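Report on one structure; see the data block that follows.
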């Protein structure tokens, strides 16, 4: 078995429309009914481009509706958001065709520079060529072939949910205050005593809550650091 990454341009789709902006995306979940598409997509957008990206997606001729489910502003001038799109396409999407033709898509579809990047599992290079022929779009290129099964490591959603559930609301509020006031910066901009005063708890309570968060978060992060480094 081999894995192949295909670079696809679906002309006039919202993915091609936002290619001029500083944005990358990933399909999180999707469903199809004939040519109707319902999908959840995560986007990482330059803050200066965010409004234009959302407006461009909403204005696409194939997009029936777009709802922004959540947004987060990062410290490096970017916006992370999750959107729900409902679309009606004139033809099947690349992912639909891959499924209908019997190929096994791996990972999530990625979006960048106006292209979709679809990773598939195939028996051999001939089957990859068949996939390219079946995907009759404006641009279809094979950008990478690995001659063995390869799955990129990803973060477990269940593991993340368990981590979040292990941290109390009081602990989350304390960590948020610590981040906002520079407690974790080097050099430290707020002492533990001042952080405790800021959040209205005893110094010993603040210390205990921070240690509990560390006990939960550090093993979780370390596991993925090892996974991704391998």
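Numbering (the working numbering), first residue to last: 2 to 231. Heads up, the beta-carbon is just placed ideally off N, CA and C, and yes, glycines get one too. Everything numeric in this text was worked out from a predicted model, so none of it was measured.
- DSSP, read as helix, strand or coil, puts residue 117 in strand.
- In this model, residue 90 and residue 212 are separated by some 51 Å (Cα to Cα).
- Residue 169 sits in coil when the DSSP states are folded into three classes, being neither helix nor strand.
- Nearest neighbour of residue 205 by Cα position, chosen from 194, 183, 182 and 122, turns out to be 194.
- Here the alpha carbon of residue 97 sits roughly 25 Å from the alpha carbon of residue 54.
- A distance of 8 Å or more separates the beta carbons of residue 46 and residue 69.
- By the Cβ neighbour-count rule, residue 121 is buried, with 16 or more other Cβ atoms within 10 Å of its own.
- In this structure, the alpha-carbon of residue 37 lies about 6 Å from that of residue 88.
- In the three-state scheme derived from DSSP, where H, G and I count as helix and E and B as strand, residue 12 is classed as coil.
- By the neighbour-count criterion, in which 16 or more other beta carbons inside 10 Å mark a residue as buried, residue 17 falls on the buried side.
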